[in-house]
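Numbering (this note's numbering) for the sequence shown: 20 to 608.
Cβ atoms here follow ideal geometry from the backbone N, Cα and C, with glycine treated the same way.
Everything numeric in this text was worked out from a predicted model, so none of it was measured.
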Amino acid sequence: MERTITRAGYVLRLCRYIKGMKIYLALSVLFNLLFKLTPIVIGLVTAYLINAAVLGDIRYLWQTFAVICALIVLSAIFAYLDVLVSHDMAYRILAQLRDTAYDKIDELAPAAMEGEHSAALTSIVLEDVEQLEWFYAHVIGQLIVAIVIPSAALLFLGYCSPVLPLALIPFIVLMVAVPVFFAKKANTQGVNVKECYAELNARIVDGVQGMKDIISFGWQDTFFARFEKALRAHQDAQMAYAVRSGEESRRFLLVMGLGSLCGELTAAILTVTGRLDAVWLIPVFQLCGAIFGPLQDALTMSTNYGLIFGAAKRLFHLLERKPAVQDTPDSREMHLKNEEPVTVAFENVGFAYPSESENACEPVLKNFSFSFSTGETVALVGASGSGKTTVSRLLQRFWDVDGGSIRINGTDIRNVKLDSLRDLITVVPQEVYLFHLSVTENLRLAKADASMEEIEEAAKAAQADAFIHRLPKGYDTLLGERGLRLSGGEKQRISIAQAFLKNAPVLVLDEASANLDSETERQVNLAVNRLKKGRATLVIAHRVSTIKSADRIIVLHDGIAEAEGTYAELMEQCAYFRRLVGGEDYGEA
Ligand code: ADP
Ligand code: MG
20 MERTITRAGY VLRLCRYIKG MKIYLALSVL FNLLFKLTPI VIGLVTAYLI
70 NAAVLGDIRY LWQTFAVICA LIVLSAIFAY LDVLVSHDMA YRILAQLRDT
120 AYDKIDELAP AAMEGEHSAA LTSIVLEDVE QLEWFYAHVI GQLIVAIVIP
170 SAALLFLGYC SPVLPLALIP FIVLMVAVPV FFAKKANTQG VNVKECYAEL
220 NARIVDGVQG MKDIISFGWQ DTFFARFEKA LRAHQDAQMA YAVRSGEESR
270 RFLLVMGLGS LCGELTAAIL TVTGRLDAVW LIPVFQLCGA IFGPLQDALT
320 MSTNYGLIFG AAKRLFHLLE RKPAVQDTPD SREMHLKNEE PVTVAFENVG
370 FAYPSESENA CEPVLKNFSF SFSTGETVAL VGASGSGKTT VSRLLQRFWD
420 VDGGSIRING TDIRNVKLDS LRDLITVVPQ EVYLFHLSVT ENLRLAKADA
470 SMEEIEEAAK AAQADAFIHR LPKGYDTLLG ERGLRLSGGE KQRISIAQAF
520 LKNAPVLVLD EASANLDSET ERQVNLAVNR LKKGRATLVI AHRVSTIKSA
570 DRIIVLHDGI AEAEGTYAEL MEQCAYFRRL VGGEDYGEA
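Here it is, written out as structure tokens:
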């Protein structure tokens, strides 16, 4: 069940981020107030001038003119300061919100990233937070001004004649009632616009990133149709939003017009019947219009509350999510001294992926036990989808096991601080992701303070130094999405060089299933064999050659370790293993 938060609730939560910026807020409200007030004062002084002129009193004509001129200049200065201070505050808060949202994503990752489109998360950090600029730079100030100025004007009118406020108040109430009446619809529509936008964004990102495949498989029509559908949905959502917002404006503009008219009529009648001094007539007329100005500003912005609160809802939803694993006060650091041998043991591990829906996921691991220690290489084999990658994720504690335990030198990894645990383990993944950074910077991710000598040494050990030197700018060449694209074998060797730099005692190699040419494979194998020395190595093997060279092999089948032994032993004893390595998952490359 989703908890619905009222607008007041959102306002309160959004206001929490103003903490520490109260002076900015106070100044921005003050300047906004002064900026809105000056035209009213100018109007009043002008009205006074006209009245005096009509009555033939021109004593203070020039002085009054001078005051009006000064007020005009001040009004411009206030407008400038209002925009400056309110946006300075808003942008500071937005930066802070983005920081918080990004930290949250970092905390939730990687478990929460599964089944989540990266574009949807990006759009929360970028667009939804951007939308909140309206709230911080405009809404707060406008709301306060919309309360202060009409109240002051009502007091002044009441001083002229108590009947005047009575004539105006019903219209003010009606005006404010309009957005209240539409609030629910506006919120729903706002969330809908945001969701359609996120969907459209995801379609575009998919289409651009997958362009190569789309073209080579001839999927253009299908993709275009999907894109078109998302586009229409977004357009419809925006249109529905605009229609409602127009309807709101129509209503409160109507009420506002009728309100001023009613106030003016009342003033005219009061004057004619001698209950209001004629001197006040024009100022009162002026105020009857001006009283609605700040209200109109605030209400016009309120037609956007749907979008603002829609954005807030998505942001808070993200911030409220609980990470799959977390350090507890009892978590301890775990450091192994140099050369201290390490044993990783899975003991009767059971695990099912957490399910979003009612139906629980099938358990991937049921009662899985195995171990590997420093100095040996254990190969994990199993059919595709049997849970090999899951084993490596559980070891890094992306999720916690449901049953049994994973222990490093006897310590349950649930009691080890996450950072400290992940320092102990290096994973050379199947698909290496390189960042849009130079080769050096990509390598330094593994060891922030690595010297250039260390980096080159690691690259040499990983058989990567030679090809790095052949890159256009050598170690300074930019890699990644917008940089130079390396081949699969080259990426792997960069990853192996990172592993050398990180120099962790436990090594998990998720072997690439894609075939490498024999020379590249020779180089990668050379690098891997060097890397494995002195570490506890688990290889998620995809090649028979790798399986053959392992010290021990674990056959993962149906959530348990079905068999264990050397290649020769298993070929002799385990029919399932024979079928597996003879099957299509294990090509002799
Ligand atoms: P392998 O690496 O052996 O091919 P995996 O460990 O990737 O297998 O996956 C094991 C099973 O878990 C598969 O059935 C897969 O569909 C499922 N699975 C993997 N990741 C998730 C996830 N995030 N949520 C739910 N099920 C998952
Ligand atoms: Mg896998």
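Residue i: CB within 8 Å of a non-hydrogen atom of ligand 1
i: A580; result: no
i: S405; result: yes
i: I427; result: no
i: Y595; result: no
i: Y372; result: yes
i: C380; result: yes
i: A402; result: yes
i: V600; result: no
i: I559; result: yes
i: T409; result: yes
i: L528; result: no
i: L575; result: yes
i: E133; result: yes
i: V383; result: yes
Same chain, Cβ closer than 7 Å to residue i, five either side skipped, listed in chain order
i: S411; result: V446, V527, D529, I559
i: D147; result: K213, A330, R333, L334
i: L430; result: Leu is not the amino acid found at residue 430; the sequence shown has Thr there. Answer for T430: M353, listed in chain order.
i: Y155; result: M108, A109, I112
i: F486; result: E509
i: I87; result: I61, V64, T65
i: M20; result: Per-residue confidence for M20 stands at a pLDDT of 37, beneath the threshold of 50, marking its modelled position as unreliable; the derived number appears in the next sentence. No residues qualify anywhere along the chain.
i: T119; result: L338
Sheet register partners of residue i (DSSP bridge)
i: L503; result: L498
i: L399; result: I559, I573
i: D431; result: R426
i: R351; result: V435
i: D529; result: I559
i: L384; result: F370
i: I42; result: According to DSSP, which records beta bridges pairwise, I42 is partnered with nothing at all.
i: V363; result: F391, I427
i: V199; result: According to DSSP, which records beta bridges pairwise, V199 is partnered with nothing at all.
i: G584; result: I572
i: V446; result: V527
i: S457; result: L497
Pairwise C-alpha distance: residue j and residue i
i: L462; j: I474; result: 7 Å
i: L113; j: I37; result: 10 Å
i: A66; j: L289; result: 18 Å
i: R32; j: V104; result: 22 Å
i: K356; j: E509; result: 32 Å
i: A286; j: Y178; result: 13 Å
i: T409; j: N211; result: 35 Å
i: F190; j: I96; result: 32 Å
i: R3; j: L151; result: The question about residue 3 has no answer here: the residues shown for the chain are numbered 20 through 608.
i: G423; j: G493; result: 48 Å
i: M590; j: N220; result: 51 Å
i: T539; j: I427; result: 34 Å
i: D349; j: D438; result: 14 Å
i: Y324; j: L187; result: 26 Å
i: V363; j: A555; result: 8 Å
i: Y452; j: Q228; result: 14 Å
i: A401; j: L384; result: Looking at the sequence shown, residue 401 is not Ala but Gly. Distance between the alpha carbons of G401 and L384: 12 Å.
i: A371; j: D421; result: 7 Å
i: Y595; j: A398; result: 16 Å
i: Q239; j: M230; result: 9 Å
Other residues of its chain near residue i: CB distance less than 6 Å, five sequence neighbours each side excluded
i: R270; result: V197
i: D570; result: E395, T396
i: L53; result: F97
i: T496; result: V458, L490, L503
When the options are compared against residue i, the one with the closest alpha-carbon
i: I124; options: F519, F387, P342; result: P342
i: R294; options: S180, C307, F243, L63; result: S180
i: L575; options: R549, F389, E476; result: F389
i: R541; options: Q517, A483, H106, A555; result: A483
i: L176; options: I77, A379, G308, G401; result: G308
i: L162; options: M132, V48, A465, T83; result: V48
i: L443; options: W153, E358, I168, S376; result: E358
i: Y121; options: L140, H106, E133; result: L140
Cβ-based neighbour list, residue i, same chain, cut-off 8 Å, excluding 5 preceding and 5 following
i: L272; result: Q315
i: F417; result: P129, A130, A343, V344
i: E607; result: Because E607 carries a pLDDT of 49, less than 50, the predicted location of this residue cannot be relied on, and the following value inherits that uncertainty. R562, V563, S564, listed in sequence order.
i: L90; result: T57, V60, I61, V64
i: F6; result: Outside the displayed range of the chain (20 to 608) lies residue 6, so it cannot be described from this structure.
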